[in-house]
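A.B. asks: Protein chains in written order, with our numbering: chain Y, 1 to 492; chain X, 493 to 981.
All C-beta atoms, glycine included, are put in the ideal place defined by N, C-alpha and C.
All values reported here derive from a predicted model rather than from experimental measurement.
Encoded structure:
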């Protein structure tokens, strides 16, 4: 049993999805999905532990040896990602039943869980697999289920947002497929590990450069890196709250994982960063993304939009850490990956609670919420502080590592810019605080109550995680360090 | 009680935090709630005094809580400068609580439970700052102090309070994230440690340009020290209820700022290194300019609290100057000034609050002939003004004396002139207030019958701090010994 964990991780939610269809009662479907997601979480925890103690796990599907068969390869990097995805998915799912009750028509509830599980399985699959074509297949599954999930939003604009995402996502996926095809043409293999051995022999060919360009651009589209982020704000804003919370915490993280996997493992550090001006390009785009998206966030009138732009800005930080191309920089990116999942999960889930009570996430409707929904608003404030990077929250930990990594590399101006970027976060977070705590409640809203426990428990689980992992950083820092060191070939 | 000194140290940080639970739980019974606060402050004061005695006997007290990030410890220890700060803060917390009972009830303030709980959190973080054993620990509590005082500043919940809070949080958080954090990370990168060490942590052969830049980042980043041009938050914070202005914005928060400056100058750079850095001179002049300009601005304020706020900005410049002079007299003068200014300024704020509660007056021009109705308040105001100016028989004399000595020792004659001119300006903006209160106005008219002294608790509090100003003059030895010991340990 224990040797099959890597595949069970993906198979359980994948099998659970169609089984969900058989359950006619939405409540049962919810419980069933919760169990499936919880099992995935359990497995990912066991996998992480196994990887941390005994190194990379290789699982050959059906006993076919790689590179002929499909191989699942779990190292520290994807074990961390698996844990993030399955943990956030489980916590978010906890609030799903209450939330979709208000936001999605009753006859679609079961379908919602099916799509949710498919999306979860696909994301886990992308991360777990060691086969480049398999990545593409899972990417398509996750994208297709994502389009449908976003389109479930009650706002009619959700359809348009989903369509936008469909177009952009399909272009991205096509690019990735072209890249993988070109790589296959040059090396005759699709196994990532095998690719990493064979690619250097043919590295100086135009085809490989083209393949690299296609793959990177395709992934950047998926991860909504500035300036390829246009699909994200609307998709996040109009999707059902649960979907937003789930995707904000996990989907872009998967894309970042792919970026790291392809540049560091498949193409290799020396190829990715020496032959192309990738470093300059990424550090510039990352920083510009931080500033443009944070500024855009300041001017949003819908809080979901606001945090969506903030997500794009946070992706900018991850890109900056990535572009340093040192073990310290990568550690910072991975830490922020983990920490940002906690922050945005908490924030978007809390927004879901607001949506549940007042039916809107317009900033103007937040008036007086500080008194009417004190527990939820406190969660948003703490999540916001974490976003700013106040000490004792996870945001501070990522900021510390990122700035330190940048300084170690001698990029002093970048360090200043990173910190200046977090000042913009103060502005957009405090706009919400001021409206919620200083404006009197709107007329006719006296009946608004605190969110139900089914929201408060998962929200506060994440908020406490924000504080806990800001104080006890052993797990996150150790795993991130081990992952980045193994990618750099340094024994930890 | 047979608690070890180590646990006393921890309790003086944790206890105020725990008190918030008690305060919230007893929120509906105001008397019980205030009893919780007063009991806590008494116990904390007892602990701090015991720690002081322990320090006198030469015991070394340190506590280690854990590692936040590899190498970055949360740990506390006692040294004379922190002891001095902790003593002042815990003593004045007790007095301010007494005062606040009179003020908050007399002024019918809302949300008093929130007020007292945030106050307790703020005090807890002040204790954390005072006892911090390294820069990292200090930074954490520094930020907690900023955030916990934000609800106090915006207590009124009005549009003005919101604006004031915006400036307050904006400047304090921005400077601390942009400059202070960068300075700390740079120090960590260059020196490899953040521990406070006598003589500094930088290697003797450190690049002076790098260290000089880090020093500038520190001085700019410690926004709580209110060096111009980062002083705007302090006048903005005056929208808060007066006890907050008195304890936090004359004592705890601003003193946390200059305390951090002193700590950084003495224990991160070391005064030997400080003296040769290229940026020190520039920063000294910046502090000098801050002293003079703030005094000039203070003269033009008609609102009493605003005038006092600018006076604080100017007085904080003294302490920063003392730290940057990099002489032992400068450090002694600067740290003594933390204490003497604390007593003087808190008294002035207590008086301002008393006048507001009793006479409903906040503008100086309305306070003529108030001395006849509120003699105790006005006499207290007069004595405290003397202390700020630095005249006998008040404690301010000594700190100013040592600061002047410091300028002579380091041959900073321009700064000496600045100190003297600033003293004259202090006279010009402070003394007319009690003077007009007693001697001007129409003597023949009967006094406004409606006005009498402030509520008794407030009156007691402001009398105690006034007496404190005088005691610091007559009996400055313990204070001097503590200040002297900073460089000796």
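(1) Measure the CB-CB distance between residue 133 of chain Y and residue 180 of chain Y and report whether it falls below 8 Å.
(2) Spatial neighbours of residue 136 of chain Y within its chain, please: C-beta separation below 8 Å, excluding the five flanking residues on both sides.
(3) Check whether the Cβ atoms of residue 954 of chain X and residue 591 of chain X sit closer than 8 Å, and answer yes or no.
(4) Is the beta carbon of residue 244 of chain Y closer than 8 Å to that of residue 302 of chain Y?
(5) Roughly how many angstroms separate the alpha carbons of residue 936 of chain X and residue 912 of chain X, rounded to a whole number?
(6) Got a sec: is the Cβ-Cβ distance from residue 654 of chain X to anything in chain Y below 8 Å?
(7) Whose Cβ in chain Y lies nearer than 7 Å to the Cβ of residue 560 of chain X?
(8) Taking only beta carbons into account, state which residues of the stretch 665-694 of chain X come closer than 8 Å to chain Y, listed in chain order.
(9) Does the distance from the C-beta atom of residue 398 of chain Y to that of residue 336 of chain Y stay below 8 Å?
(10) What I want to know is whether the C-beta of residue 723 of chain X ends up closer than 7 Å to one or more non-hydrogen atoms of the ligand FAD.
(11) Can residue 429 of chain Y and residue 384 of chain Y be called in contact, C-beta distance under 8 Å?
(12) From residue 614 of chain X to residue 275 of chain Y, what distance separates their C-alpha atoms?
(13) For the putative contact between residue 327 of chain Y and residue 185 of chain Y, defined by C-beta atoms under 8 Å, what is the C-beta separation to the nearest angstrom?
(14) Identify which residue in Y/370, Y/409, Y/357, Y/338 has its Cα closest to the Cα of residue 477 of chain Y.
(15) Assuming residue 123 of chain Y and residue 254 of chain Y are in contact, meaning their beta carbons sit under 8 Å apart, how far apart are those beta carbons, in whole angstroms?
(16) Is the shortest distance between the beta-carbon of residue 948 of chain X and the beta-carbons of chain Y less than 8 Å?
(17) Out of X/959, X/872, X/902, X/532, point me to the one whose CA is closest to residue 820 of chain X's CA.
(18) Mind checking who residue 73 of chain Y pairs with in its DSSP beta bridge?
(19) Starting from the C-beta of residue 347 of chain Y, find all residues in its chain whose C-beta is less than 6 Å away, skip the five residues before and the five after it, and write them out in chain order.
(20) Between residue 423 of chain Y and residue 669 of chain X, is the Cβ-Cβ spacing less than 8 Å?
(21) Could you list which residues in chain A have their beta carbon closer than 7 Å to that of residue 632 of chain X, in chain order?
(22) Name the DSSP bridge partner or partners of residue 559 of chain X?
(23) Helix, strand or coil: which one does DSSP assign to residue 95 of chain Y?
(24) With burial defined as no fewer than 16 other Cβ atoms inside 10 Å of the residue's Cβ, what is the status of residue 8 of chain Y: buried or exposed?
(25) List, in order along the chain, the chain Y residues whose C-beta lies closer than 7 Å to that of residue 635 of chain X?
(26) Since residue 649 of chain X meets chain Y, which of its residues come closer than 7 Å, beta carbon to beta carbon?
(27) So with CB distances below 8 Å, who are the chain X contacts of residue 420 of chain Y?
(28) Give a yes or no on whether the C-beta atoms belonging to residue 682 of chain X and residue 672 of chain X are separated by under 8 Å.
(29) Could you tell me which chain X residues have their CB closer than 7 Å to the CB of residue 415 of chain Y, listed as they occur along the chain?
(30) Let's test the definition: count the other Cβ atoms within 10 Å of the Cβ of residue 585 of chain X and tell me whether it reaches 16, buried, or not, exposed.
(31) For residue 111 of chain Y and residue 96 of chain Y, I'd like the C-alpha separation in whole angstroms.
(32) Pick from X/499, X/704, X/749: whose alpha carbon is nearest that of residue 719 of chain X?
(33) Excluding the five sequence neighbours on either side, which residues of its own chain have a C-beta within less than 7 Å of the C-beta of residue 461 of chain Y, listed in chain order?
(34) State the CB to CB distance for the pair residue 294 of chain Y and residue 344 of chain Y, rounded to an integer number of angstroms; the pair is presumed to be in contact (CB under 8 Å).
(35) Classify residue 635 of chain X as helix, strand or coil using the three-state DSSP reduction.
(36) Does residue 434 of chain Y come within less than 8 Å of chain X when only Cβ atoms are used?
C.D. replies: Here's the rundown:
(1) yes
(2) 173, 176, 177, 180
(3) yes
(4) no
(5) Summary for residue 936 of chain X: the model assigns pLDDT 49, below 50, so the residue's position carries little reliability; its value from the coordinates is reported in the next sentence. If I take the Cα positions, the gap works out to 39 Å.
(6) yes
(7) 471, 473
(8) 665, 666, 669, 670, 673, 674, 677, 678, 680, 681
(9) yes
(10) Ligands are entirely absent from the displayed structure, and the ligand FAD is therefore not among its contents.
(11) yes
(12) 54 Å
(13) In fact, because the Cβ distance is near 33 Å, the residues do not count as touching under 8 Å.
(14) Y/338
(15) 5 Å
(16) no
(17) X/902
(18) Y/58
(19) 307, 383
(20) yes
(21) Given the protein chain composition of this structure (Y and X), no chain A is represented.
(22) X/565
(23) helix
(24) buried
(25) 390, 391
(26) 438
(27) 670
(28) no
(29) 674
(30) buried
(31) 13 Å
(32) X/749
(33) 91
(34) The pair is not a contact, with the Cβ atoms about 14 Å apart (cut-off 8 Å).
(35) helix
(36) yes
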